[in-house]
Each structure stands twice: as structure tokens, then as C-alpha cells.
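See structure below.
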Amino acid sequence: MDDFLTGLPEATVLRDPSDLEPFLRDESHVRGVLPLAVVKPRGPSALRELVRRAKAEGFGLVPRGAGTGKAGGCVPTARTVVVDLSQWPGDIAVSAQDLSLSAPASAPLRDVKAAAEAQGLFYPPDPNSWESCALGGTLATNAGGPNACKYGMTRHWVLAVDALLEDGEIHRFGISSVKANAGPSLGQLLIGSEGVFGLIVGATLRLTPLPREHATLLLPVRRWEDLLDLPGRLCAAGYQPSAFEFFDPAVLAELRAHGPEEARRLPGEALAILEFDERGCTAESFLEGLLDLLGPMAESLELASDERQRKAIWAVRRMTSAFLKERHPGKVSEDIVVPRSRLRAFFEGLGRLGAPCVTYGHLGDGNLHVNLLAADKTDPALLERQLNGLFRLALDLGGTLSGEHGIGLAKREAFLTLSDPAHIRALRAVKRALDPCGIFNPGKVI
Ligand SMILES: Cc1cc2nc3c(=O)[nH]c(=O)nc-3n(C[C@H](O)[C@H](O)[C@H](O)COP(=O)(O)OP(=O)(O)OC[C@H]3O[C@@H](n4cnc5c(N)ncnc54)[C@H](O)[C@@H]3O)c2cc1C
Numbered sequence: 000m001d002d003f004l005t006g007l008p009e010a011t012v013l014r015d016p017s018d019l020e021p022f023l024r025d026e027s028h029v030r031g032v033l034p035l036a037v038v039k040p041r042g043p044s045a046l047r048e049l050v051r052r053a054k055a056e057g058f059g060l061v062p063r064g065a066g067t068g069k070a071g072g073c074v075p076t077a078r079t080v081v082v083d084l085s086q087w088p089g090d091i092a093v094s095a096q097d098l099s100l101s102a103p104a105s106a107p108l109r110d111v112k113a114a115a116e117a118q119g120l121f122y123p124p125d126p127n128s129w130e131s132c133a134l135g136g137t138l139a140t141n142a143g144g145p146n147a148c149k150y151g152m153t154r155h156w157v158l159a160v161d162a163l164l165e166d167g168e169i170h171r172f173g174i175s176s177v178k179a180n181a182g183p184s185l186g187q188l189l190i191g192s193e194g195v196f197g198l199i200v201g202a203t204l205r206l207t208p209l210p211r212e213h214a215t216l217l218l219p220v221r222r223w224e225d226l227l228d229l230p231g232r233l234c235a236a237g238y239q240p241s242a243f244e245f246f247d248p249a250v251l252a253e254l255r256a257h258g259p260e261e262a263r264r265l266p267g268e269a270l271a272i273l274e275f276d277e278r279g280c281t282a283e284s285f286l287e288g289l290l291d292l293l294g295p296m297a298e299s300l301e302l303a304s305d306e307r308q309r310k311a312i313w314a315v316r317r318m319t320s321a322f323l324k325e326r327h328p329g330k331v332s333e334d335i336v337v338p339r340s341r342l343r344a345f346f347e348g349l350g351r352l353g354a355p356c357v358t359y360g361h362l363g364d365g366n367l368h369v370n371l372l373a374a375d376k377t378d379p380a381l382l383e384r385q386l387n388g389l390f391r392l393a394l395d396l397g398g399t400l401s402g403e404h405g406i407g408l409a410k411r412e413a414f415l416t417l418s419d420p421a422h423i424r425a426l427r428a429v430k431r432a433l434d435p436c437g438i439f440n441p442g443k444v445i
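Taking numbering that gives the first Met the number 0, I'd label the letters of the sequence shown as residues 0 to 445.
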């Protein structure tokens, strides 16, 4: 292998096993195998050469952003080189006239959002990992987050994508305008493709004016099932929360008992965080209408009185995933979706399944993080049955087995088994057309 990568231009190459070790995992429960090398490209000639050598020598290229993924998408499979985009050059540039922002894949999402905000503009995608993930990773996974229930997912905010394809060249798909209809969109095909069609090196994103008002509410409830019809009732009554998150009683109890200071004060048997960000959402008339709709549930409602309180509420929500992982390192975390009108049916079905699990997440769009905390202590065959039961339940209710984390390696078997065969055939045909030598992220997704 040494020969294969010798003299690679514009790149840092790591080969020492101790340097490769950190690249074996992401934030999922999946562990990869030792890659042949890790390459950090700094220019197009590195990518061109990598593609040429990958084809000639028969090794795969595994794209990697910040490694915060939860599906094992960036972990190396056999005979692969990890392509870590963290040194890919480029600046973040905002165009207030076009309401757009261009940035390299290496840009931390945190910096992308801050650059927009500095000009009074807003890039909505907000995965709870927004302070640590890279823009390229969010594009490749079509990341969602709390405010997807109002603003949609990453793909709804991408105007153009710059991507390396199997010819070794970087191509641009899309323009700096929301109107672009010259044939099917290859750019959109790359969003959410988890690196199996090519490698994203940059993008032009859509922006919108920054919301100036936020009404952030803590809604504690005694019977947590009372929350289940609320997302649908709010929408039907014309309210569109910019976030509607929840913790079931078990997650809330654990946060209260072992979480940080702010978590220990959280009220209720179960708890929802509701946020609105439209103009007028802090006006009395808006809040009165909301109280009417909530009825007796509103008894213990708390409104964040200032930005400091708002941030404290969100800090607890955003640390929940890492907190549970630290306490239960062997857990498996799923992210199924059901339409919000089927939430009650989902939890009834989950009860019947009898799998020991706790749930929190994005109730507002039906995207639930179902965590099997003792997965590592469960017989593997039983665990597989429990997970398949969970996925089937979501599918039977018109949902899907992943709302935001993607398929990667973690859910590949279930995805291939449970999907419509025509869907898989079509995806594989696209893969063969775009990547005939199978060099991009081999063994993942399809
Ligand atoms: C605490 C925590 C909270 C999270 N909350 C959310 C959430 O609310 N919503 C959500 O959607 N996700 C969430 N995630 C998951 C994760 O952060 C997102 O999937 C994120 O988009 C991954 O970005 P990354 O840069 O870390 O990508 P990586 O983990 O490095 O890679 C993810 C996938 O994208 C591919 N990829 C990466 N970069 C490129 C590229 N440039 N070109 C082509 N393919 C590429 C990889 O091969 C892999 O398949 C969370 C993770 C953690 C740890």
C-alpha cells in the first residue's frame, strides 16, 4: 500500500496504526476495520490522484467529516482509505442579495450558522451536534434537528453542490437561486447519499431572515401520553412550532438524577420543549390562544423569560444524546419516524413489542430517538428481533426507519431487508451509473 499513496500531491497521509485508530468509529455503536490509510486532501489534484489510484489498485474511498455520525457511515470497511475533508480549503461567503452562503465541506456547521447570523440571516438546519459536525457531513446525511418540524431538513436549504465524481473531477450541480429546473437535480441526489455516489467538497446554501422573536416553553405533564396528540392538534389549529421536543418519563428521571445542574430542576413526569419563532409569538394574544388550546395541560407551563433561560433549556436538550451515551456506552439509538398523526398508535405498538427502551426526541415531526440502553447485554438474535420489530412498526404506520441519521452500516441489513425491492434495485442502478468501479464508500447503505 505504501506505493499506492507515495507522492500524493496536496495531501496529508496518515499510515501509522496509532494515527488510524481514531478513525475506526463515529458516534454510533459500529466499529470499522483498520483502513489502509487516512488521507486529508488540500486540493483538487489530491482527489484526482486518489480516484485514479483507487480505480487502478482496487481500494475504496470512505468520506469523513467530523465523525459525529450515528449510523457508522464514515467508519472504514475492508480495503479502504478514509478521505478526511477537515483540511479542504475555502472560505465562508455570504451573499445578502442572493440570500445565499457558500462554504467548503470542511466548514464547521457552527461557523456556517454564525456567518449567516452576523448578517442578520438564518441557516436553519440545526442537528443537536451543530457545534461539532462539519457542513459536508450534514449535506451527506441530509441532517435534521429540532427545527426540521418547521424548516425541513438540510436538503431544503441547498441550492448547489460541488462534488467529486468518479471521473476524478469536481463538478457543480445547481445555481445560486431557488429557481432551477433544467432536468432532474443531481445535486439533490447527492444530498443524503452518505458518500456512496461521490464526495461533496462544498455547497451553496439558501438563507432566510433571522427570526427576531422566540417563545420557548417548558410543558411538563403528569401523564406523558397526553403529549402524543398535541403536535397534530397544534398544526391543525394553525400553530407551527419551530421545535417540539420531548423526554419520556425514564429519560427525564435519568436527566434529573444524574444530569447537569439545569437538568435537576426540570419539572413533570414527562416534559416537552416547545418553541415558536414567528413575528408576534411573544405577544399576549398569541400566548393566550395557545393556552386555550392546551387547556388543563397548560397548568404548569413555564415560559423562558430571557435568552439566558432559553439557552439553558436548549443546553439540556442538546446534551441528552451524549449524556445517555456516557451513562450507557453499549446502547443502540434508533431514529424512526411516524407521521405525527400516528404517534399514539406508535407508542401503543411499542408497548406491545415489549422491547426495553426509552424515548426522547423530535415529537413535532414524529422523529423519535428510541434507545435500547442495554443493547450490549442483550442476546444478539433477540436484539435483532427487537430492532426489526421497531422498524416494521414504524413502516406499518407509514413511517421510516431513519428520520435523520441515515443508513450507513448500522441499519444496512434492515434497510435492504425491509425496503421495497424496486427501491433498492433503482438505487443500485444509480450507484452503478455514477460509480461503476464501486470506489465511493463501499459496503454502505446499498
Ligand atoms: C450528540 C449528537 C447529536 C446529534 N444530533 C443530530 C440531530 O439532531 N440531527 C441529525 O440529523 N443528526 C444528529 N447527529 C448525527 C450527526 O451529527 C449528523 O449526522 C451529522 O450530519 C454528521 O456530520 P459529520 O461531519 O460528523 O459527518 P461524519 O460522521 O463524518 O459522516 C457522516 C456520513 O456522511 C459521509 N460524509 C461525510 N462527509 C462527506 C463528504 N464531504 N462527502 C460525501 N460524504 C460525506 C460519511 O461517509 C458518512 O456516511 C447527532 C450526533 C451526535 C453525536
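From the three backbone atoms N, C-alpha and C, an ideal C-beta is built for every residue, glycine too. These numbers come from a predicted model, not from an experiment.
- C73 has its Cβ nearer than 7 angstroms to a heavy atom of ligand 1.
- In the displayed model, I423 falls within a helix according to three-state DSSP.
- Shortest Cα-Cα distance from L46 to any of T319, P62 and L273 involves P62.
- Every alpha helix (DSSP H) stretch that sits fully inside the stretch 356-430 and reaches 4 residues is listed by chain position as 379-395 and 411-417.
- A214 and P295 have their alpha carbons spaced roughly 20 angstroms apart.
- Assignment of alpha helix (DSSP H) within the stretch 12-39, counting only whole runs of 4 or more residues, yields 16-19 in chain order.
- Contact between A162 and G197 holds, since their C-beta atoms are separated by about 5 angstroms, short of 8 angstroms.
- For the pair H361 and C148, the CB atoms are nearer than the 8 angstroms cut-off.
- With respect to L372, H327 sits close: the two C-beta atoms are nearer than 8 angstroms.
- The beta carbon of D83 lies closer than 6 angstroms to those of V37, K39 and R63 in the same chain, with the five residues before and after it left out.
- DSSP assignment within the stretch 248-276 yields the following whole beta strand (DSSP E) runs of 3 residues or more, N-terminal first: 269-275.
- A direct Cα-to-Cα measurement between G365 and S85 gives close to 33 angstroms.
- When the alpha-carbon of F390 is set against those of L400, L396, L381 and E383, the nearest one is in L400.
- In the displayed model, I190 falls within coil according to three-state DSSP, outside both helix and strand.
- Taking C-beta atoms as the reference points, A242 and N146 count as a pair closer than 8 angstroms.
- Going by DSSP, T319 is part of the alpha helix (DSSP H) stretching over E306 to R326.
- Relative to D18, the option among V29, A133 and L35 whose CA is nearest is L35.
- Residue range L229 to A235 is occupied by the alpha helix (DSSP H) that includes P230.
- Rounded to whole angstroms, the separation of the alpha carbons of L120 and F275 is 17 angstroms.
- Less than 8 angstroms separates the beta-carbon of E212 from that of R278.
- Going by DSSP, V50 is part of the alpha helix (DSSP H) stretching over P43 to E56.
- The continuous beta strand (DSSP E) containing E333 extends over residues V331 to V336.
- Annotation for E26 indicates a beta carbon within 7 angstroms of some heavy atom of ligand 1.
- An exposed status is given to S284, since fewer than 16 other beta-carbon atoms sit within 10 Å of its beta-carbon.
- For V61, the shortest C-beta to heavy atom distance toward ligand 1 is below 7 angstroms.
- Not one heavy atom of ligand 1 sits closer than 7 angstroms to the Cβ of L188.
- The Cβ atoms of G398 and V444 do not sit closer than 8 angstroms to each other.
- For E165, the closest of L342, A77, A53 and Q96 by C-alpha to C-alpha distance is A53.
- For F246, the enclosing beta strand (DSSP E) covers residues A242 to F246.
- The alpha carbon of L293 has as its nearest neighbour, out of P88, L426, D419 and L218, the alpha carbon of L218.
- Nearest to P75 by C-alpha distance, out of P21, D110 and I91, is P21.
- In this structure, the C-beta of L198 approaches ligand 1 to less than 7 angstroms from one of its heavy atoms.
- Beta bridge pairing from DSSP links I169 with L163.
- Ligand 1 never approaches A159 closely enough for any of its heavy atoms to be under 7 angstroms from the residue's Cβ.
- D291 carries a helical assignment under DSSP once its states are collapsed to helix, strand and coil.
- Where T140 is concerned, there is no enclosing beta strand (DSSP E), although the alpha helix (DSSP H) around it starts and stops at L134 to T140.
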